[in-house]
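Note sheet for the following structure.
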Amino acid sequence: MAQERFLEKLTWSEVADRMHAGIDAVLLPIGTTEQHGRHMPLDTDCVIARALCERAAQAAAEENLEVLIAPTLNVTLSWYHMQFPGSLRLRTDTFLHVFEEVCESLHHHGLGNLIAVNGHGGNVAALTVAVNRYYETTGRRVFLLQWWELAADVVGAIEGPVIHAEEAETSLAMALGQRVMMEHAARDAYDRGAAVREAGFPWTSLGKYGLTHRGPGVVVPMDMLADISESGVVGDARRAKLETGQQIVETVVPRMVQVVRDMSSSGSSPPAPETREASPAGAAP
Ligand SMILES: [Zn+2]
């Protein structure tokens, strides 16, 4: 039987044994519970993050790198999906605390080398704040990775927008065994700017929104999705293909292993920046 790698599936004594044998990194999958059109279930981001962690842990084991996977954070930042039945949300400040306290709990047991694996675009800004704030206050460096960035070369080659429940995400969900009902796949708000203008909300031609946005851009807030998309899809889910998803998986997983390897073999975290003494040159009185 394959080695169990999900922390919550182990007994406490098994966790102790694993730690004694040595753990190279801990992956923390982060999803959300939110609508993904009529063609995919609410847990799609959780399934993607967790399955990528599982595959990365297996691939790492082939290189004798031991990885544990923390429980998936499955209710996060989905306030802009709340018009759709079943979507759940945390307030942003609550989420920042949840992230920090989960990291602290793992650290309490001596589980370090944490890598957050985020499957939800709506979490990017807060998680970027979270990992920086965690370092600022504890001196512990948590890395944050996201499949659309790790596979930017593959995902960037997709013709349509990479936003929500569209071609890329639907393809990836398929490749990772999620329930996908292609007969219900939709194309909606394909041009997000046009959809926002049509809904009568402020927009700029330099507005950036897609996860693969490159070049000049302006951050605009998320939209309440039912205002711009009837189905909940933003992009074109009908173009999704299993092969596209497999290509993303085959690109992302080895790069996740590379991050594990790098983290495991590089130096330990320094003291927290905010407690570090000022350098002699800049000594305060
Ligand atoms: Zn999603």
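Take the sequence shown: its position 250, counting from 1, is numbered 249 in numbering that gives the first Met the number 0, and each next residue is one higher.
Quick reminder that beta carbons are idealized off the backbone N, C-alpha and C, glycines included.
None of the values given here were measured: they were computed from a predicted structure.
E165 and V258 have their C-alpha atoms some 27 Å from each other.
DSSP places Q145 outside any alpha helix (DSSP H); the residue lies instead in the beta strand (DSSP E), whose first and last residues are 142-145.
For the pair C45 and G21, the CB atoms are not nearer than the 8 Å cut-off. In terms of side-chain proximity, the C-beta atom of T43 is found nearer than 7 Å to a non-hydrogen atom of ligand 1. When the beta-carbon positions are compared, I68 and R139 stay at least 8 Å from each other. Of the residues A115, H106, K240, the one whose Cα lies closest to the Cα of T169 is K240.
Under the Cβ criterion (8 Å, minimum of three pairs), the segment 197-216 does not count as touching the segment 170-178. Per DSSP, N131 is one residue of the alpha helix (DSSP H) stretching across 123-137. Proximity of the segment 211-227 to the segment 125-134 falls short of the contact definition, fewer than three beta-carbon pairs being nearer than 8 Å.
Taken atom to atom, the span from the alpha-carbon of T137 to that of A150 is near 30 Å.
Here the distance from the Cβ of E148 to the nearest heavy atom of ligand 1 is not below 7 Å. Secondary structure of V46 (DSSP, three-state): helix. Remark: C-beta atoms of L26 and A55 approach each other more closely than 8 Å. An exposed status is given to T274, since fewer than 16 other beta-carbon atoms sit within 10 Å of its beta-carbon.
When C-alpha distances from L210 are compared across N117, M223, A129, H183, the shortest belongs to N117. Across the structure, D152 and T243 are spaced so that their CA atoms are roughly 12 Å apart. With fewer than 16 other beta carbons inside 10 angstroms of its own, T10 counts as exposed. In this structure, A124 has its CB at a distance of at least 7 Å from all heavy atoms of ligand 1. E165 has its CB no nearer than 7 Å to any heavy atom of ligand 1.
N122 is a Cβ neighbour of L76, given a cutoff of 8 Å. Checking the DSSP bridge columns, you'll see G234 partnered with D187.
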